[in-house]
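In what follows, a structure is listed as structure tokens, so that the remarks can point back to it.
Residue numbers (our numbering), protein chains in the order written: chain A, 4 to 182; chain B, 27 to 145.
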């Protein structure tokens with residue numbers, strides 16, 4: 004990570020617990036605001052999108068990643084570089100369609116749910132970490148890749164693993180000259 | 027003579043089109059747009075991010091270290107503009123911290139002169 008001239012060499016780490024608690028507080032508040040799980044999920048996705056469209060430039064500026072030449076390379080970069088950089092975990096990636104545009108990220112560890120074991124009975128359709136889906140979707144959109152990102156499986160819902168599905172939609176034409 | 031903000035906006039948007047024309051004219055597939063424009067009195071350096079943002083620096087033709095400066099400006103933008111929730115994307119940047127850090131980065135680059143920054 005490069006340091007800007009003039010930025011004091013302070014310890015930039017903030018507490019992981021604070022981050023997890025903040026995220027939990029966000030979800031808890033949304034649950035108070037919205038009765039339906041789908042509405043909370045939508046809100047989380049939308050917030051995540053707002054983060055993703057800004058986070059992408061931080062990612063590109065700091066990681067010096069080159070332009071990806073395939074969906075597969077893109078999925079690898081998301082899992083191995085981005086997840087590592089921001090959440091300290093590296094999901095495993097696999098391609099789940101012959102067409103080569105659907106990918107699956109399996110999260111072994113997920114810091115957001117370190118302290119959550121399962122969903123309450125009245126919130127069985129809640130996608131607790133849906134913010135992540137929005138972040139990925141927003142970030143990809145800013146590099147001209149339209150994608151659908153959802154949780155295909157969720158340990159919190161009783162599934163065996165937590166799996167994020169990324170489906171790349173029609174490849175946006177190279178619109179580098181348009182912003 | 028200094029350009030007004032409006033003049034800058036107009037010229038930048040013209041350059042935006044030239045940048046695109048540059049990549050289309052290229053006989054090579056997948057060419058970038060115009061990265062440098064050289065005249066006898068200055069050089070215009072343009073760095074386009076994968077998100078389509080262009081950073082442009084006008085400098086003395088002998089000034090070195092502009093590539094590094096452009097990348098530093100990208101970091102400054104991603105920190106002090108993008109991480110400011112009150113800054114709306116695509117709007118003019120009126121963030122104090124952005125201006126301060128940008129000024130500092132320019133001073134460092136300028137001091138380095140024709141040989142590039144020392145570090």
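Every residue, glycine too, gets a C-beta built ideally from N, C-alpha and C.
A distance below 6 angstroms between beta-carbons, with the five flanking residues on each side excluded, links residue 45 of chain B to the following residues of its chain, in chain order: 59, 60. Under the three-state reduction of DSSP, residue 45 of chain B is assigned to helix. Assigned with DSSP and collapsed to three states, residue 64 of chain B falls in strand. For the pair residue 26 of chain A and residue 115 of chain A, the CB atoms are nearer than the 8 angstroms cut-off. DSSP places residue 67 of chain A in the coil class of the three-state scheme, outside both helix and strand.
Rounded to the nearest angstrom, the gap between the Cα atoms of residue 171 of chain A and residue 102 of chain A is 10 angstroms. Secondary structure of residue 82 of chain B (DSSP, three-state): strand.
In the displayed model, residue 166 of chain A falls within a strand according to three-state DSSP. When beta bridges are read from the DSSP output, residue 95 of chain A appears opposite A:109.
For residue 167 of chain A, the number of other beta carbons within 10 angstroms of its own is at least 16, and it is reported as buried. When DSSP states are grouped into helix, strand and coil, residue 75 of chain B belongs to the coil group.
Of all C-beta pairs linking the stretch 27-39 of chain A to the stretch 45-54 of chain B, fewer than three are shorter than 8 angstroms, placing the two stretches out of contact. Straight across, the Cα-Cα distance linking residue 93 of chain A with residue 55 of chain A is about 18 angstroms. With the criterion set as a beta carbon lying under 8 angstroms from some beta carbon of chain A, the members of the stretch 100-112 of chain B are 100, 101, 102, 103, 104, 105, 108, 109, in sequence order.
For residue 126 of chain B, no beta strand (DSSP E) run applies; the uninterrupted alpha helix (DSSP H) run containing it begins and ends at 122-138, by DSSP. For a Cβ distance threshold of 7 angstroms, residue set 63, 70, 146 of chain A lies close to residue 76 of chain B, ordered along the chain. In this structure, residue 124 of chain B sits near residue 107 of chain B, with a CB-CB distance shorter than 8 angstroms. The Cβ atoms of residue 117 of chain A and residue 30 of chain A do not sit closer than 8 angstroms to each other. Listed along chain A, no residue sits closer than 7 angstroms to residue 123 of chain B by beta-carbon distance, the nearest being about 11 angstroms off. Inclusion of residue 158 of chain A and residue 152 of chain A in the CB contact set at 8 angstroms is not warranted, their separation being larger than that value. Residues 66, 68 of the same chain have their beta carbon placed closer than 7 angstroms to that of residue 84 of chain A, with the five preceding and five following residues left out of the count.
In this chain, residue 54 of chain B is not harboured by any alpha helix (DSSP H), its DSSP state being neither H nor E.
Separation of residue 129 of chain A and residue 74 of chain B (C-alpha to C-alpha, rounded to the nearest whole angstrom) is 39 angstroms. Three or more Cβ pairs closer than 8 angstroms define a contact, and the stretch 115-123 of chain B falls short of that threshold against the stretch 87-100 of chain B.
Residue 49 of chain A has a beta carbon lying at 8 angstroms or more from every beta carbon in chain B.
Restricted to the stretch 29-83 of chain A, the alpha helix (DSSP H) segments that are unbroken, complete and at least 4 residues in length are 40-66, 74-80, listed in chain order.
When rounded, the separation of the alpha-carbon atoms in residue 173 of chain A and residue 108 of chain A is 20 angstroms.
Close CB contacts of residue 34 of chain B within its chain, under the 7 angstroms cut and outside five residues either way in sequence, are absent. In terms of CA proximity to residue 145 of chain A, A:63 leads the group A:63, A:47, A:21, A:41. Residue 37 of chain B counts as exposed, since fewer than 16 other beta carbons sit within 10 angstroms of its beta carbon.
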